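Residue numbers (UniProt numbering): 1 to 203. C-beta atoms are modelled at their ideal positions from N, C-alpha and C, and glycine is treated no differently. Since we're looking at a predicted model, the values are computed, not measured.
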């Protein structure tokens, strides 16, 4: 496995998400014990928010937002067909009526197709997947979010000697700044995780 020690971004050996059941078994089992679900409540500012969960995966966070925002709207986006199917089943099973699920492509989040203004764009434990994050957020995200939109990026911090697919908080800040966003808050987090809050920088 090749890694960039300056950024923490790993190249190669990216896990496959084609088996949603396996992902859920690995990622969702006892997830509350390490995933910090309190992140969700810290990002809620009013009961009728519109939240876009970019790279929603198994729908873990989409469900948390759904239950804490019964008057809100949750839009779950993911490129993997198996995960889309999994989330649809989760939505039906858990009566997540305020969640809408949309399949996107890896390089096109299709935010321009959304009719709602976005209060919160949530990117959780997904950032390392972006091969060209500056281009992605500059061209595919910046034009389609509003000045009020909070962009929250949560991830695991790189740990020396551990082969985790991560990007350092410092690198995310550099790349998001280059993409046209400014860091507005960096809440205190656990030693191995971080939460970064961005908004569009005025042109």
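Cβ neighbours of residue i in the same chain (closer than 6 angstroms, five flanking residues each side left out)
{"i": "residue 102", "result": "77"}
{"i": "residue 22", "result": "Here residue 22 scores only 48 on pLDDT, less than 50, and its place in the model should not be relied on; the value that follows carries that caveat. So no residue of the chain qualifies."}
{"i": "residue 75", "result": "52 and 100"}
{"i": "residue 147", "result": "200"}
{"i": "residue 187", "result": "195"}
Inter-residue spacing [alpha-carbon to alpha-carbon] between residue i and residue j
{"i": "residue 100", "j": "residue 114", "result": "11 angstroms"}
{"i": "residue 193", "j": "residue 124", "result": "11 angstroms"}
{"i": "residue 142", "j": "residue 167", "result": "21 angstroms"}
{"i": "residue 80", "j": "residue 136", "result": "18 angstroms"}
{"i": "residue 126", "j": "residue 56", "result": "9 angstroms"}
{"i": "residue 46", "j": "residue 38", "result": "16 angstroms"}
{"i": "residue 112", "j": "residue 145", "result": "9 angstroms"}
{"i": "residue 50", "j": "residue 65", "result": "10 angstroms"}
{"i": "residue 58", "j": "residue 176", "result": "25 angstroms"}
Segment limits, beta strand (DSSP E) that includes residue i
{"i": "residue 142", "result": "No beta strand (DSSP E) holds residue 142; DSSP gives it neither H nor E."}
Residue interval of the alpha helix (DSSP H) (run including residue i)
{"i": "residue 88", "result": "81–93"}
{"i": "residue 169", "result": "169–178"}
For residue i, three-class secondary structure by DSSP
{"i": "residue 62", "result": "helix"}
{"i": "residue 199", "result": "strand"}
{"i": "residue 135", "result": "helix"}
{"i": "residue 185", "result": "strand"}
{"i": "residue 128", "result": "helix"}
{"i": "residue 43", "result": "helix"}
{"i": "residue 114", "result": "coil"}
{"i": "residue 119", "result": "coil"}
{"i": "residue 53", "result": "strand"}
Residues sharing a beta bridge with residue i, DSSP
{"i": "residue 193", "result": "156"}
{"i": "residue 99", "result": "74"}
{"i": "residue 105", "result": "108"}
7 angstroms CB neighbourhood of residue i in its chain, flanking five on each side removed
{"i": "residue 156", "result": "125, 164, 166, 192 and 193"}
{"i": "residue 84", "result": "78, 101 and 103"}
The ligand GDP heavy atom lying under 7 angstroms from the CB of residue i
{"i": "residue 111", "result": "Absence of the ligand GDP is noted for the structure shown, with no ligands found whatsoever."}
Own chain, CB closer than 8 angstroms to residue i, minus 5 neighbours either side, in chain order
{"i": "residue 70", "result": "47 and 98"}
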